[in-house]
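**Q** First residue of the sequence shown? That's 0 in numbering that gives the first Met the number 0, and the numbers climb one at a time after it.
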Amino acid sequence: MTISTVKATFQADVKEVWDIVTNLENYAWRSDLSRIEVISEKRFTEYTKDGFSTEFTVTLTEQYRRWEFDLENANISGHWTGIFTSNGNQTTIEFIENVTAKKFFMKPLVKGFLKKQQAQYIEDLKRALEKNNED
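Okay, here's the thing in structure tokens:
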């Protein structure tokens, strides 16, 4: 089991951050995705630009506070927790991924992969928030 956490603070209202992160219809801000297929209210599949899919099942939604889901693909399975904390006109996010590699040889690579993926997500979110402020 590998746990990876990323934390960031943005100059944005918690509603704005929440709406971007949880919107499964408007994902163009994500540089890593080609599409998201919404299966039901609680299930969706993300596809990377090279077609690799990951399935998600939402396990908890506390609007503007917490979003959690289980995730699974050919390489990993696990749980993701997103915590949103409002500090006036600032929002702090903390995203925690707890995953298990399905293939033995991947175990040493998982932590680095998660850190890289989380850093890209934060950069993409930062750009999306900046773009919203320009509009």
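The beta-carbon is built from N, C-alpha and C at its ideal position, and this holds for glycine as well.
Assuming the contact rule is C-beta atoms closer than 8 Å, Val98 and Ile75 should be a hit. Round their C-beta distance to whole Å, please.
**A** Going by Cβ atoms, the distance from Val98 to Ile75 rounds to 5 Å, so yes, they are a contact pair.
**Q** Answer yes if the stretch 35-50 comes into contact with the stretch 2-18, meaning at least three C-beta pairs across the two stretches below 8 Å, and no otherwise.
**A** no
**Q** Taking one C-beta from the stretch 75-86 and one from the stretch 10-28 each time, how about it: are there three or more such pairs within less than 8 Å?
**A** yes
**Q** So what does DSSP say about Gln116, is it helix, strand or coil?
**A** helix
**Q** Need the endpoints of the alpha helix (DSSP H) that Asp69 sits in, please.
**A** It is not in any alpha helix (DSSP H) - Asp69 instead sits in the beta strand (DSSP E) that spans Arg65 to Glu71.
**Q** Using a threshold of 8 Å, state whether the C-beta atoms of Val37 and Leu23 are closer than that.
**A** yes
**Q** Taking its Cβ as the centre, do 16 or more other Cβ atoms sit within 10 Å of Ala100, making it buried, or is it exposed?
**A** buried
**Q** Among Glu40, Thr44 and Gly77, whose alpha-carbon lies nearest the alpha-carbon of Thr60?
**A** Glu40
**Q** Of the choices Phe94, Ala11 and Leu124, whose alpha-carbon is the least far from that of Leu113?
**A** Phe94
**Q** On the three-state DSSP scale, how would you describe Asn137?
**A** With the chain running from 0 to 134 in the structure shown, residue 137 is simply not present.
**Q** Taking the alpha helix (DSSP H) that Lys14 belongs to, which residues open and close that run?
**A** Val13 to Thr21
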